[in-house]
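Read the structure below first, then the notes.
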Amino acid sequence: MKEPSVVTITVDNKEVQVPGDTNLIEALKAVGLETPHLCYHPDLPVSGNCRQCMVEVDGPRGMVLTIGCYTPVRPGMKVATSASSPKVAEARKAVLEFLLVNHPLDCPICDKAGECLLQENYMMAGASDSRLSPEIGKQYHGNPEHSSSDSKGQHRGGKRVDIGPRIVLDEERCIQCSRCVRFMRHVAGDEQLQLASRGGHSHITTFPGEKLDHPYDRCVTDICPVGALTDKSFRFRKRVWALSRIPTVSMDDSLGANIWVDYADGIIYRIMPRCNPEVNKSWLSNAARDVVQNIHENRLLNNDLSAALQIIKETKGKIAIVLGGSCTAEDIAAFKKFNIAEFFGGSFLPVQKADGIARSGDPVANRACLEKAGINTNLGELSKRAGEFELLITVAADLWDETPEEAGDLNKIPKRIALTSFNNNTAKNSAIAIGIRHWLENFGTMINSKGLEQKLQGTPTKEAALVDSAAIIAGRLHG
Ligand code: SF4
Ligand code: SF4
Ligand code: FES
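Quick note: the sequence shown uses this note's numbering, first residue 1, plus one each step.
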């Protein structure tokens, strides 16, 4: 691999060493200097439209104002930030003042409050008082079809625009940074969002009669720097500062997208992408986020192993253990101690093509660890040989829910024990069902489809306090 180049530049009259193959926002970040920005996003092409990231850079006409996101680093360059240049501080402040002139005073009811770049930049720039005269008031310039007057007779509009099955738009809060447009164009590869009209009347919209509807459309709510695009599944459910977050890995797919799990009081409210340039960059599919939709419903909380222990003791014939794709390396190692059993792994679900964004297409997330442990991941073989076995133990393998038809052959195995997180068909189809932690609540190791070893960290949900991980239950069953 090529070593990243390092160059020496002068920042605020001090020499520093920074990466040489990037722009000034990233270079300054590497030496601990945050540059306020709005339209720049490290995983999108630069558009340079918000003018928030102003710095001064030396050139033939001396130090001139320029935007940091579009200025590449060059050896020996001189840079001034707001720390040494009143001109930079003034320019950044002026940009904010323009952006805020007609921005609604929505922060108390805005879902983005607490993680809004506009709020953060305003505080960083010194939180100046408004010079807007109350007689003039806020003026709405968005889509004329959404125009209205509020109770004070002020010209408002663009509130709660339903632009798709999962996303709501608030036009007044949009700062026309075009991040959402660039995401749909360059990452999703499907230009469903556009900036319509010109100048102060620019507004985000879909094509006439069309909706924003794409398997990655919820990413636009992550990257929208303000509360213009919000996710219907999270809207008004929790203030973001009341949430704690756990960094973990999605076991929904074998790419193992890196995620944040946001929770409060034992309840998970949302999953968001955690940037990993080697794995999923800043992106996460809707499917991976949907895992939390029913995480607290229909949970199986039976922790009593006595009946299962009795069945295992009485079994004289062959035992098959199926380990699901979300089992960690530690779960697998704990079950492998049952040397009287034959092991199978995975799922009957088909492996799809990688989408090139944040999914490998393989629903057996930890296939690499299952295969490393010498486990046969061809469940078709177990179906064919089902008549050979007396007892089937499924572990986080909800086969009767995922693929009931294919699982049907396994009904030939007379005794069945399910270790599962939900009181689902797999649990109902087994003589004994024991509750286990969901992978979102589990600690352990997975190896992703690129061979990268990644660690899971469990979220302390209210259910996780009542049931154990599959690895702990394996130890108790093994005695
Ligand atoms: S987008 Fe940001 S600044 Fe605007 S109302 Fe929401 S939190 Fe406040
Ligand atoms: S909706 Fe959000 S991401 Fe899109 S242009 Fe407006 S502010 Fe930017
Ligand atoms: S962040 Fe540089 S112009 Fe917007």
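Virtual Cβ for every residue (Gly too), placed ideally from N, Cα, C.
Can you tell me the Cα-Cα spacing of residue i and residue j, whole angstroms?
i, j, result
"Ala30", "Ile436", "43 Å"
"Arg92", "Pro19", "25 Å"
"Asp111", "Leu105", "13 Å"
"Ala149", "Trp283", "Looking at the sequence itself, residue 149 is Ser, so the reference to Ala does not match. Rounded to the nearest angstrom, the two C-alpha atoms are 38 Å apart."
"Leu96", "Val291", "38 Å"
"Ala80", "Asp331", "54 Å"
"Pro277", "Gly158", "35 Å"
"Phe236", "Glu115", "14 Å"
"Ser85", "Val187", "37 Å"
"Asp493", "Asp231", "Only positions 1 to 479 of the chain appear in this structure, which leaves residue 493 out of reach."
"Cys174", "Asn286", "23 Å"
"Cys50", "His155", "24 Å"
"Gly59", "Leu193", "38 Å"
"Ile375", "Phe343", "6 Å"
"Lys281", "Val467", "33 Å"
"Val351", "Arg367", "11 Å"
"Cys177", "Ile67", "14 Å"
"Gly324", "Asn411", "18 Å"
"Lys428", "Val101", "60 Å"
"Lys14", "Cys219", "39 Å"
"Ala307", "Leu399", "22 Å"
"Asp213", "Leu309", "49 Å"
"Ser244", "Ile259", "13 Å"
"Asn143", "Ala113", "24 Å"
"Arg239", "Thr248", "22 Å"
"Asn121", "Pro36", "6 Å"
"Arg185", "Leu379", "40 Å"
"Leu33", "Ala83", "10 Å"
"Ala397", "Thr403", "11 Å"
Helix, strand or coil: which one does DSSP assign to residue i?
i, result
"Leu118", "helix"
"Glu322", "Reading the sequence as shown, one finds Val at residue 322 and not Glu. If DSSP states are grouped into helix, strand and coil, Val322 belongs with the strands."
"Leu169", "strand"
"Ala465", "coil"
"Ile136", "coil"
"Asn102", "coil"
"Arg74", "coil"
"Arg92", "helix"
"Leu300", "coil"
"Phe338", "coil"
"Met124", "helix"
"Lys415", "strand"
"Ala354", "coil"
"His141", "coil"
"Ala113", "coil"
"Trp260", "strand"
"Glu278", "coil"
"Leu187", "Looking at the sequence provided, one finds Val at residue 187 rather than Leu. Looking at Val187 - three-state DSSP - the assignment turns out to be helix."
"Gln373", "Here the sequence assigns Ala to residue 373, which means Gln is not the residue at that position. Note: Ala373 maps to coil in three-state DSSP."
"Gln52", "coil"
"Arg237", "coil"
"Asp253", "coil"
"Ala83", "coil"
"Gln176", "coil"
"Arg156", "strand"
"Pro45", "coil"
"Asp265", "coil"
"Gln194", "strand"
"Pro404", "helix"
"Asp398", "coil"
"Asp150", "coil"
"Ser244", "strand"
"Gly62", "strand"
"Gly345", "strand"
"Arg182", "helix"
Using a Cβ-Cβ cut-off of 8 Å, state whether residue i counts as contacting chain D.
i, result
"Glu90", "Here there is only one protein chain, and chain D is not present."
*Ranges of the alpha helix (DSSP H) found wholly within the segment 204-234, counting only runs of at least 4*: Qualifying alpha helix (DSSP H) stretches, in chain order: 219-223.
*At least 3 beta-carbon pairs within less than 8 Å: the segment 386-397 vs the segment 358-367*: In short, these stretches do not touch, since the Cβ pair count stays below three.
*Which whole runs of the beta strand (DSSP E) in the segment 426-459 are 3 residues long or more, in chain order?*
If only complete runs of 3 or more residues are kept, the segment 426-459 shows the beta strand (DSSP E) at 432-435, 444-447, 453-456, in order along the chain.
*Listed by chain order, which residues have C-beta atoms less than 5 Å from any heavy atom of ligand 4?*
This structure does not include ligand 4; its bound ligands are ligand 1, ligand 2 and ligand 3.
*Could you tell me whether the segment 424-440 touches the segment 298-318, where touching means 3 or more Cβ pairs closer than 8 Å?*
The answer is yes - the segment 298-318 touches the segment 424-440, with three or more Cβ pairs under 8 Å.
*Taking one C-beta from the segment 453-466 and one from the segment 338-355 each time, how about it: are there three or more such pairs within less than 8 Å?*
They do not touch, by the three-pair rule.
_Three or more C-beta pairs below 8 Å linking the segment 263-275 and the segment 313-323_ = Touching, no.
*Note down, one range per segment and in chain order, each beta strand (DSSP E) of at least 3 residues found wholly within the segment 5-32.*
DSSP runs (the beta strand (DSSP E)) wholly in the segment 5-32: 6-11, 14-19.
*Could you tell me whether the segment 181-195 touches the segment 132-151, where touching means 3 or more Cβ pairs closer than 8 Å?*
No contact exists between the segment 181-195 and the segment 132-151.
*Taking one C-beta from the segment 7-14 and one from the segment 37-50 each time, how about it: are there three or more such pairs within less than 8 Å?*
Contact between the segment 7-14 and the segment 37-50 is absent, because fewer than three Cβ pairs lie under 8 Å.
*At least 3 beta-carbon pairs within less than 8 Å: the segment 442-455 vs the segment 248-264*: Touching, yes.
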